[in-house]
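Undergrad: For the sequence shown, full-length UniProt numbering assigns the number 1 to the initial residue and increments by one for each residue that follows.
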Amino acid sequence: MNLPSAFEEKMKYLLGAEYNNYLDCFDEPRHYGLRVNTAKISVEDFLKISPWPLKKIPWIHNGFYYDGENCQPAKHPYYFAGLYYLQEPSAMTPADRLPIEPGDKVLDVCAAPGGKATELGARLNGTGVLAANDLSNSRAKGLLKNIELMGIGNVLVLSEEPGKLIPYFTEYFDKILIDAPCSGEGMFRKDRKMIRAWEEHGPDYFAKIQKSIITQAAQMLKPGGMILYSTCTFSPEENEQTIEYLLEQYPDFDVCEIEGYEGFAFGMPEVTASKDKRLSRTVRIFPHRMKGEGHFLALLQKHAAADSDTLTASDVKNTTGRKKLPEDLTDFLADIRREFDPGRFDIRADKVYYMPEDLPALNGIRFLRTGLFLGELKKKRFEPSQAFAMNLKKEEYPRIIDLPVSDERVIKYLKGETLDVEDLVSPKEKGWYLVCVDGYPLGFGKLAGQVLKNKYLPGWRWQSA
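1) Would you mind listing the beta strand (DSSP E) stretches within the segment 355 to 389 that are 3+ residues and don't spill past its ends, in chain order?
2) Excluding the five sequence neighbours on either side, which residues of its own chain have a C-beta within less than 6 Å of the C-beta of Glu262, listed in chain order?
3) Could you give the residue range of the alpha helix (DSSP H) that holds Tyr261?
4) Based on DSSP bridge pairs, tell me the residues matched to Asn133.
5) Tell me where the beta strand (DSSP E) around Val437 begins and ends.
6) In whole angstroms, give me the CA-to-CA distance for Pro162 and Pro77.
7) Strictly by DSSP, which residues pair up with Pro441?
8) Short of 6 Å in beta carbon distance, which residues of its chain neighbour Val106, apart from the five on each side in sequence? Order them along the chain.
9) Flag this pair as yes or no: are the beta carbons of Ile60 and Thr93 separated by less than 8 Å?
10) What's the gap between the Cα of Asn70 and the Cα of Tyr32?
11) Assign Arg284 to one of three DSSP states: helix, strand, or coil.
12) Would you be able to state if there are at least three C-beta pairs under 8 Å between the segment 383 to 396 and the segment 183 to 194?
13) May I ask you to report which of helix, strand or coil DSSP gives Cys182?
14) For the beta strand (DSSP E) that contains Asn454, what are its first and last residues?
15) Name the DSSP beta bridge partners of Arg348, please?
16) What is the residue span of the beta strand (DSSP E) that Thr231 lies within?
17) Using three-state DSSP, classify Leu34 as helix, strand or coil.
18) Just to confirm, are Asn62 and Thr118 a CB contact at a threshold of 8 Å?
19) Suppose you measure from the CA of Asp96 to the CA of Glu240; what does that come to, to the nearest Å?
20) Taking Lys453 as the reference, which of Ile401, Ser406, Gly294 and Gly459 has the closest Cα?
21) Is Gln87 buried or exposed, if buried means 16 or more other CB atoms sit within 10 Å of its CB?
22) When DSSP labels each residue in this structure, what does Tyr79 get in the three-state scheme?
23) So is Asp350 in contact with chain C if we call contact Cβ pairs under 8 Å?
24) Which residue marks the beginning of the alpha helix (DSSP H) containing Tyr245, and which one marks its end?
25) Residue 485 bridges to which residues according to DSSP?
26) If we ignore side chains and look at the alpha-carbon of each, how far apart do Tyr353 and Gln216 end up?
27) From Gly114 to Lys141, what distance separates their C-alpha atoms?
28) Taking only the alpha-carbon atoms, compute the straight-line gap between Arg35 and Val405 and give it to the nearest angstrom.
29) Nearest to Val451 by alpha carbon, out of Asp252, Asp420, Arg399 and Tyr245?
30) Starting from the Cα of Leu377, find the closest Cα among Pro326, Asp335 and Ala387 and give me that residue.
31) On the DSSP letters alone, give me the boundaries of the beta strand (DSSP E) that Ile400 sits inside.
32) What are the boundary residues of the alpha helix (DSSP H) that includes Ala298?
33) Going straight from the alpha carbon of Lys302 to that of Gly103, what length do you get?
34) Enumerate in chain order the residues of its own chain whose CB-to-CB distance from residue 488 is below 6 Å, with the five nearest sequence positions on each side excluded.
35) Tell me which residue opens and which closes the alpha helix (DSSP H) that Asp108 is part of.
36) Would you mind sorting Asp335 into buried or exposed? The rule is 16 or more other CB atoms within 10 Å of its CB.
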C-alpha cells in the first residue's frame, strides 16, 4: 500500500507501537453495514424477516454487518420499503451517540447523503423537527430522497451555507450534528481514491472550513443544547484542534463523555497547543482496533443560561393559520387513522404540506422541502404523494394491497408496471390503495376494474441490472 510519506509520519506519531497493526489492516476486507430503520420496524422484527445472515455491530444498537461480497441488500424490496439504510459501521456512531429526546429540534449541518440524518429522524419518531442541510443542491436532492424513503415527515431539507442559517435559527436547536467535510484519511482503506483527493486538499484546507462550520453551528444551539462533531479523518488539525478552537472562541462550551466501546481510543490533548485535558473525552476510531473505518467524535454541551426574556428564533412561529381546507383533501384524510392539526397544513401552488411545529419564518433561504409533502390538488381531486405513502403505517390506511415479498407483482410494482389484482379485491372496489410488501408500504396505486394503475414515483423505480 503506497501511502503519502507525510501521512505515514503523522500516523507513526499518533499510533506509536500500533502503527504496523494499522498498516496490516489494509490487507483485510472492508466491512459492510446495515442499520435497521426503527421508524418503520423494530430490530427484533427485522431479524425475523432478514433475507441474509447478519452479525451485530457491538457498539450500535440497530447496526449489523452483512456479507457485501455475496449479498445485494440495495436490490431487495425491503430496501424500497425503507426498512434499513446501508452505512459504513463506524459512520453509524455519530448519530447513535447524540442523545436525541422526543420533541427535540435537531439540525444535521452537512447531511447528504442522509445516513446520519435518517437515524436522527427515526429517533425523533415523528416529534420535534429535523432540519437536514447540505450546501450542494445536487447532494441535497439525494438527501431528500433518502429521508422520504425512510418515512420521515417532520423535516426541513435545506441547501445553504451554514452561516446563512444563523439569522433564522439563532439559539433554536436542541441538538446539532456536524459530520464535517474532511480530508478523509479514515477512508483510505475503503476507498483508495481518497488518497489522491488528500494530496490535492489536505488537512489544512479542511481545518479552516471545519472551524467556520462549528462556530456557526454554536450560534444556532440553545443554551443547554449539545453538538456532536465528527470527521472520518485522523488529522489533529481537523479533530482535537478544531474542538480546541471552539472552546477558545466559545468558553460556554464543555466536552462531554461519550458512551464507550472497548475498541474506542481516547482523544489526544497532546496534539494541541493548550493540552486541554477535556479533549481526552473525545473519541478516535482506528480501523485496526475495531471492524470499521477511521472516525473522530466529540460531544459538546453549551452551558445552560439563566432565565431571560431574550427573543430567539424559537419564539417566531411560522403558522399557516386555520383556514378552511379543500374538501377533496379533508375527504382523503378522513379515512386515515391519524390525528392532524389543522393549523399545520400549508398549501402552496396546489401542493399540500404538513408542517412541523414552531418553525421560524423561512423567507430568503433555499430549501427543497418543508414538512411532509402530502400530495397535490388536481381538478377537484387530491393525489397523495410517494412521501406520504412512505410515512404511513399499514394500520393507518383503510385500503391496502399487501403482497408477500415472493409475489412477482412486488417487483412489477417497483418497476412502475400496472398490476392485475383481481385475486385481492372485489370487482366493485376502486380508489387509492396503499401497496405494501409484507405489511410495509411501498407506494400508492389507483384501482379501477381490478387493475391497479401504478403511482410509484418514476425517479425511484427499480432499475434492472
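Glycine included, C-beta positions come from ideal geometry on N, C-alpha and C.
TA: For this structure:
1) 367 to 370, 372 to 378 and 381 to 384
2) Taking the first residue of the sequence shown as 1, we reach residue 262 at position 262. No residues qualify anywhere along the chain.
3) Translated into positions along the sequence shown, residue 261 becomes position 261. Unbroken run through Tyr261: none, as it is neither H nor E.
4) Position 133 of the sequence shown, counted from the first residue, corresponds to residue 133. BP columns for Asn133 point to Leu158.
5) As a position in the sequence shown, residue 437 is number 437, starting the count at 1. Where Val437 is concerned, the enclosing beta strand (DSSP E) stretches over Gly431 to Val437.
6) Within the sequence shown, residue 162 is the residue found at index 162, counting from 1. Within the sequence shown, residue 77 is the residue found at index 77, counting from 1. The alpha-carbon atoms of Pro162 and Pro77 are separated by roughly 36 Å.
7) Here residue 441 is taken as the residue at index 441 of the sequence shown, counted from 1. Answer is Cys436.
8) As a first step, residue 106 is located in the sequence shown; it is residue number 106 there, counting from the start. Answer for Val106: Leu120, Leu130 and Lys175, listed in chain order.
9) The sequence position of residue 60 within the sequence shown is 60, counting from 1. The sequence position of residue 93 within the sequence shown is 93, counting from 1. Yes. Within cutoff.
10) Position 70 of the sequence shown, counted from the first residue, corresponds to residue 70. Position 32 of the sequence shown, counted from the first residue, corresponds to residue 32. So the alpha carbons of these two residues sit roughly 11 Å apart.
11) Counting from 1 along the sequence shown, the entry for residue 284 is found at position 284. Arg284 falls in the strand class under three-state DSSP.
12) no
13) Sequence index remark: in the sequence shown, residue 182 carries index 182 (1-based). Here Cys182 sits in coil by DSSP.
14) By 1-based counting over the sequence shown, the position of residue 454 is 454. Element bounds for Asn454: Val451 to Asn454.
15) Taking the first residue of the sequence shown as 1, we reach residue 348 at position 348. Beta-bridge pairing links Arg348 to Lys351.
16) Translated into positions along the sequence shown, residue 231 becomes position 231. Here the beta strand (DSSP E) through Thr231 covers Leu221 to Thr231.
17) Along the sequence shown, read from residue 1 onward, the residue named residue 34 stands at position 34. Three-state result, Leu34: strand.
18) Here residue 62 refers to the residue found at position 62 of the sequence shown. Here residue 118 refers to the residue found at position 118 of the sequence shown. Their beta carbons are not under 8 Å apart, which means Asn62 does not touch Thr118 by this criterion.
19) Here the question's residue 96 lines up with position 96 in the sequence shown. Here the question's residue 240 lines up with position 240 in the sequence shown. Taking the straight line joining both Cα atoms gives about 20 Å.
20) Reading the sequence shown from its first residue, position 453 is the one you call residue 453. If we check each option's Cα against that of Lys453, Ile401 comes out closest.
21) Locating residue 87 in the sequence shown gives position 87, counting from the first residue. Gln87 should be labelled buried.
22) Here residue 79 refers to the residue found at position 79 when the sequence shown is read from its first residue. If DSSP states are grouped into helix, strand and coil, Tyr79 belongs with the helices.
23) The question asks about chain C, but that chain is absent: this structure has only one protein chain.
24) The residue labelled residue 245 in the question sits at position 245 within the sequence shown. Tyr245 -> alpha helix (DSSP H) spans Glu240 to Gln249.
25) This structure gives no information on residue 485, because the portion of the chain shown stretches from 1 to 465.
26) If you number the sequence shown from 1, residue 353 lands on position 353. If you number the sequence shown from 1, residue 216 lands on position 216. The alpha-carbon atoms of Tyr353 and Gln216 are separated by roughly 29 Å.
27) By one-based count along the sequence shown, residue 114 stands at place 114. By one-based count along the sequence shown, residue 141 stands at place 141. Roughly 10 Å separates the two Cα atoms.
28) In the sequence shown, residue 35 corresponds to position 35, counting from 1. In the sequence shown, residue 405 corresponds to position 405, counting from 1. Each residue's Cα considered, the two are about 20 Å apart.
29) Here residue 451 corresponds to residue number 451 of the sequence shown, with the count starting at 1. Of the listed residues, the one whose Cα sits closest to Val451 is Asp420.
30) Locating residue 377 in the sequence shown gives position 377, counting from the first residue. Ranking Pro326, Asp335 and Ala387 by Cα distance to Leu377 puts Pro326 first.
31) The residue you call residue 400 lines up with position 400 of the sequence shown. Segment Ile400 to Leu403, the beta strand (DSSP E) holding Ile400.
32) Along the sequence shown, one-based indexing puts residue 298 at 298. Taken as a continuous stretch (DSSP letters only), Ala298 belongs to no alpha helix (DSSP H), being part of the beta strand (DSSP E) at His295 to Lys302.
33) Position 302 of the sequence shown, counted from the start, is the residue given in the question as residue 302. Position 103 of the sequence shown, counted from the start, is the residue given in the question as residue 103. Taking the straight line from one Cα to the other gives about 19 Å.
34) Residue 488 cannot be examined here, being either before or after the span of the chain that is shown, 1 to 465.
35) By 1-based counting over the sequence shown, the position of residue 108 is 108. No alpha helix (DSSP H) holds Asp108; the beta strand (DSSP E) holding it covers Lys105 to Asp108.
36) Position 335 of the sequence shown, counted from the first residue, corresponds to residue 335. When all chains shown are included, Asp335 counts as exposed.
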